[in-house]
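S.K.: Residue numbers (this note's numbering): 4 to 203.
Glycine included, C-beta positions come from ideal geometry on N, C-alpha and C.
Please read all numbers here as calculations on a predicted model, not as lab measurements.
1) Note the first and the last residue of the continuous alpha helix (DSSP H) segment covering residue 162.
2) With a CB to CB cut of under 6 angstroms and the five nearest residues on each side skipped, what residues in its chain are close to residue 51?
3) Buried or exposed, going by whether 16 or more other CB atoms sit within 10 Å of the CB of residue 155?
4) Taking 7 angstroms as the cut-off, decide whether the C-beta atoms of residue 70 and residue 166 are in contact.
5) Contact check, residue 190 vs residue 98 under 8 angstroms by CB: the rounded distance?
6) Indicate whether the contact test is met: 3 or more Cβ pairs, each with one atom in the stretch 37-55 and one in the stretch 83-101, closer than 8 angstroms.
7) If you reduce the DSSP assignment to three classes, tell me which class residue 193 lands in.
8) In terms of alpha-carbon separation, which member of 59, 136, 38 and 169 lies closest to residue 101?
9) Taking the CB atoms as reference points, tell me whether residue 57 and residue 63 lie closer together than 7 angstroms.
10) Taking the alpha-carbon of residue 151 as reference, which of 49, 138 and 200 has the nearest alpha-carbon?
11) Helix, strand or coil for residue 178, going by three-state DSSP, please let me know.
12) Measuring CA to CA, which of 180, 179 and 164 is closest to residue 196?
13) Skipping 5 residues on each side, what residues in its chain have a beta carbon closer than 8 angstroms to that of residue 88?
14) Round the Cβ separation of residue 47 and residue 34 to the nearest angstrom and send it over; I've been treating them as touching at under 8 angstroms.
15) Take residue 139 and list the residues in its own chain whose beta-carbon comes closer than 8 angstroms to its own, dropping the five residues that flank it on each side.
16) Taking a contact to mean a Cβ-Cβ separation below 7 angstroms, would you say residue 60 touches residue 108 in this structure?
17) DSSP state of residue 93, grouped into three classes?
18) Exposed or buried, what is residue 44 when buried is set at 16 or more other beta-carbons lying within 10 Å of its beta-carbon?
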C-alpha cells in the first residue's frame with residue numbers, strides 16, 4: 004500500500020511538472036511571437052506561465068534552450084516536415100514534402116509562429132545558431148546519408164528557403180494565383196524542384 008501511494012505521488016508530481024513545462028512553452032512562444040528573441044525575457048515568460056523563474060531554468064537551462072523548445076516544438080519549420088516525410092519513406096520525397104507542408108498550413112491557421120522563428124533567426128546570431136544546430140544540421144546529415152549527396156546543408160537550406168517563400172506568398176501576402184491554387188497544383192509545380200534539391 005505504501006509503495007502504491009508513493010508511486011501515485013511520483014506520478015502526480017510528474018504530471019504536474021509536465022503541465023508546468025507545457026505552460027512555459029506556450030508562454031514563451033507567445034512572448035517570442037510578440038517581442039522577438041531579444042525582447043522576451045525569462046522573468047516575463049515565467050510570470051505569464053505562473054511559475055517561478057527557477058522552474059524555467061530547471062527545464063530549459065537558459066534562454067536559448069527555451070527558444071529551441073518553444074519555436075521548434077510544433078511542426079512550423081519546413082525541415083521538421085522533411086524529417087517526418089523521410090520517416091515515412093524515401094520515394095517521391097519532394098512532392099510528399101510540399102504536400103505535407105501545404106496541408107499543414109491549409110488546415111492549421113496560425114502563420115505567426117513561423118514568421119517569429121524566421122525573424123528571430125534573421126536578426127539574432129544565437130537564435131540562428133540554435134535553429135541550425137537543432138534542425139538544419141541534423142537534417143543535412145540525414146540527407147547526406149540517405150541520398151549520398153554532397154553539399155547537404157546547402158540542399159536543405161534551399162528546400163527551407165523555397166518552402167518558406169511559398170508559404171509567405173500564399174498565407175501572409177496572399178499573392179494570386181498562388182493563394183487560391185489547389186495544393187495539388189502547387190505540388191505539381193514545386194515538388195519536382197524540391198526533389199531535385201534533395202536528391203539530384
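M.R.: The relevant details are as follows:
1) 155-170
2) 30
3) buried
4) no
5) 5 angstroms
6) no
7) helix
8) 169
9) no
10) 200
11) coil
12) 164
13) 96, 99, 100 and 103
14) 6 angstroms
15) 82, 156, 159, 160 and 163
16) no
17) coil
18) exposed
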